[in-house]
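Take 76 as the starting number for the sequence shown in our numbering and just add one per residue.
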Amino acid sequence: MNYVLRNMRKKRILILTIFILIAFIPADNIQENEFPLFRVVLDPGHGGVYLEDRKKHGDKFDLVNSEYLNFFAPGAEYRGIYEHKIVYNIALKAMGILSYCSKDGDFDQFKKILKKYTDSTIKKIYIQTIISRKKSITQIEVKNSSDPNAEYRLYDFPGPDGDMQKGRISKMNEYKPHLIVSLHLAVSAPPDYLGMNGIIVPPYNVLKEGLLRLKNKDTDRPLDDNNRLRFWFKNSERITSKYAFYNDSAHYFTSYGITEDYKTDYNDYKGYKHNMVTWRYRDNFLWDLEAEKHRPDTEYSADYNSFIETGRFREREKSVYEEYRRGSSFQDFGGDNYHATYEIIKYILFSLNESGVSRKDKIPGKPFVSTWSIPLLVNAISAYIELGYLDRKWDRNVLLKRQDEIAEGVAVGVYSLLAGIDNVKGEFKSKPSGKSIDLSRYNITPEKSYFDIVTE
Ligand SMILES: [Zn+2]
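Laid out in structure tokens, this is it:
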């Protein structure tokens with residue numbers, strides 16, 4: 076272990092102490108207010124810049140090897156149109172609408188908007204909304220900054236003195252949100268990905284099935300619901316969804332991927348993601364000293380055959396709360412994350428429809444399923460949406476010219492998930508159900524919920 080690294084670890088002890096102190100400041104509790112209060116994060120993707128020097132400017136800092144594993148992802152760009160700008164604008168507009176639901180907001184204004192969606196009684200709740208990043212960085216700011224991506228990284232990272240700084244996922248968790256709405260779009264998608272699509276993390280049991288079948292050399296037998304595999308995200312046309320599923324399962328448990336013949340790929344290391352953010356499910360302090368040995372029959376074994384499941388994160392993964400969030404099997408797939416994601420998509424389509432913007436293939440399309448970082452590394456309900464694809468002319472126009480309508484759909488969707496909207500108007504396919512999420516089942520005690528404890 077070199078000097079810089081050791082010094083960094085000493086500083087981490089200090090950070091840990093400070094962190095424990097901060098964690099005891101109580102968050103605003105639902106019960107303490109006249110109306111229930113819910114915390115929401117609007118999370119527009121990206122915002123920083125791609126810079127060639129990954130060792131300095133990347134993301135996903137790995138303490139085992141003391142380096143960034145990924146280049147910074149700047150987001151989609153198509154003919155001078157930028158994803159990071161569009162999603163930020165939409166998030167800001169949605170936050171403006173949701174501010175009517177804040178404690179000192181003008182709720183009557185919000186009621187007026189809801190008239191379009193229902194004639195039924197509208198329940199009063201408080202929604203306290205934050206946005207997960209500042210405005211996208213400018214060229215000038217990039218030039219004048221030693222670490223332009225500092226504000227935009229998803230994962231924790233070393234600051235100028237080697238102290239670990241919180242990335243966006245840690246900051247979101249610090250806010251203890253009930254709901255996080257991540258907004259993205261892409262340049263293109265496979266032709267069978269119509270409409271707007273959700274980004275979904277699979278249930279724990281599905282990934283576990285993947286690991287067990289790898290261990291038992293039983294990867295050829297069809298899964299109980301092979302249909303679901305069609306949704307599995309593959310990052311290249313050369314691989315199959317089946318391979319992507321087993322590769323994700325191996326990564327999820329061991330941090331190492333698999334080769335084409337389903338053996339451990341020792342060159343494909345993705346890092347221990349649950350230890351790259353600040354929350355209660357990190358492994359014990361100095362875990363990285365153990366991890367770097369990758370000893371067989373431990374949770375840090377690189378080879379899936381000798382991988383053993385232990386630690387706080389695995390316990391969480393097996394918990395009933397994760398079952399509520401993500402579902403529990405191939406048959407019962409998606410949980411509240413899925414419901415939240417697709418309700419918001421339906422409200423966006425409703426809002427667009429109402430202003431005369433509709434198209435037959437603009438529907439709630441099939442989800443991209445993989446072990447995505449944000450929905451995996453938070454306790455909040457995660458709605459994660461691909462709003463459209465820039466190489467499709469219709470999408471492009473809507474994304475550029477109909478941001479107000481999209482933002483309204485997002486805001487109304489958020490409200491509906493928290494308070495419920497009875498008798499949503501209209502007679503069309505893919506109408507939102509108006510069903511709220513049953514947040515009470517996330518209560519651990521009458522005072523504390525699964526959302527509250529994420530950083531305690
Ligand atoms: Zn994106």
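C-beta atoms are modelled at their ideal positions from N, C-alpha and C, and glycine is treated no differently.
Inset, instruction - Determine the contact status of Ser404 and Val281, defining contact as a CB-CB distance below 8 Å. - result: yes
Legend entry - Range covered by the alpha helix (DSSP H) that runs through Asn412: Gly410 to Glu429
Inset, instruction - Run the proximity test for His369: is its beta-carbon closer than 7 Å to any non-hydrogen atom belonging to ligand 1? - result: no
Legend entry - Arg114, enclosing beta strand (DSSP E) - first and last residue: Leu112 to Pro119
Legend entry - Cβ shell of Ser491 (< 6 Å), same chain only, five flanking positions each side left out: Gly509
Legend entry - Simplified DSSP state of Ile215, which is helix, strand or coil: Residue state for Ile215 is assigned as helix, using DSSP reduced to three classes.
Inset, instruction - Decide if Leu91 is buried, meaning its Cβ has at least 16 other Cβ atoms within 10 Å, or exposed. - result: Low confidence applies to Leu91: its pLDDT is 47, below 50, so where it sits in the model is not reliable, and the reading given next is rough at best. Answer is exposed; the Cβ neighbour count stays below 16.
Inset, instruction - Would you kindly work out how many angstroms separate the C-alpha atoms of Asn248 and Asp358, rounded to a whole number? - result: Each residue's Cα considered, the two are about 17 Å apart.
Inset, instruction - Look up Asn518 in the DSSP assignment and say whether it is helix, strand or coil. - result: strand
Legend entry - Run of the alpha helix (DSSP H) containing Gly488, from where it starts to where it stops: From DSSP, the alpha helix (DSSP H) with Gly488 extends over Gln478 to Ala494.
Inset, instruction - Report whether the distance from the Cβ of His121 to the nearest heavy atom of ligand 1 is below 7 Å. - result: yes
Inset, instruction - Report the three-state DSSP secondary structure of Val499 (helix, strand or coil). - result: strand
Legend entry - N- and C-terminal bounds of the alpha helix (DSSP H) containing Asp137: Counting along the chain, Asp137 falls outside any alpha helix (DSSP H), though it belongs to the beta strand (DSSP E) covering Asp134 to Asp137.
Legend entry - heavy atom of ligand 1 below 7 Å from Gly150 C-beta: yes
Inset, instruction - Compute the minimum distance between the beta carbon of Glu158 and the heavy atoms of ligand 1, and state whether it is under 7 Å. - result: It does: the Cβ of Glu158 is within 7 Å (strictly closer) of some heavy atom of ligand 1.
Legend entry - CB contact flag (Pro223, His121, <8 Å): no
Legend entry - His259: CB within 7 Å of a non-hydrogen atom of ligand 1: A distance criterion of 7 Å places the beta-carbon of His259 in contact range of ligand 1, judged by its closest non-hydrogen atom.
Legend entry - Range covered by the alpha helix (DSSP H) that runs through Asp183: Phe182 to Leu189
Legend entry - Alpha-carbon to alpha-carbon, Thr196 and Glu392: 38 Å
Legend entry - Within 8 Å, strictly: CB atoms of Glu483 and Ser394: For Glu483 and Ser394, no; Cβs fall outside 8 Å.
Legend entry - Option nearest Thr373 by Cα separation, candidates Phe113, Lys209, Gly150 and Ser330: Ser330
Legend entry - Nonlocal neighbours in the same chain, by C-beta distance under 6 Å from Leu23, ignoring five residues either side: The question about residue 23 has no answer here: the residues shown for the chain are numbered 76 through 531.
Legend entry - Nearest-angstrom Cα separation, counted from Ala415 out to Ile255: Rounded to whole angstroms, Ile255 to Ala415 spans 10 Å at the Cα level.
Legend entry - Best match in Ala455, Lys504 and Ile496 for proximity to Ile528 [C-alpha to C-alpha]: Ala455
Inset, instruction - Note down the Cα distance separating Pro450 from Lys186, rounded to an integer number of angstroms. - result: If I take the Cα positions, the gap works out to 30 Å.
Legend entry - 7 Å CB neighbourhood of Ile200 in its chain, flanking five on each side removed: Phe110, Pro111, Phe113, Cys176, Leu493 and Ala494
Legend entry - Sheet register partners of Ile275 (DSSP bridge): Val444
Inset, instruction - Reducing DSSP to helix, strand and coil, say where Thr339 ends up. - result: strand
Legend entry - When Leu465, Gly440, Gly123 and Ile419 are compared against Arg208, the one with the closest alpha-carbon: Gly123
Inset, instruction - Take Pro149 and list the residues in its own chain whose beta-carbon comes closer than 8 Å to its own, dropping the five residues that flank it on each side. - result: His121, Gly123, Val124, Tyr125 and His159
Inset, instruction - Helix, strand or coil for Ile205, going by three-state DSSP, please let me know. - result: strand
Legend entry - Inter-stretch contact (C-beta, 8 Å, three-pair minimum) for the region 342–350 and the region 436–452: They touch, by the three-pair rule.
Legend entry - Given 8 Å, three or more beta-carbon pairs between the region 257–265 and the region 460–471: yes
Inset, instruction - Leaving aside the five residues before and after Asp470 along the sequence, list all residues of the same chain whose C-beta is less than 7 Å from its C-beta, in chain order. - result: Gly463 and Tyr464
Legend entry - Beta carbon of Asn145 nearer than 8 Å to that of Asp128: In this structure, Asp128 does not lie closer than 8 Å to Asn145 by Cβ.
Legend entry - Beta-carbon spacing of Thr334, Asp378 below 8 Å: no
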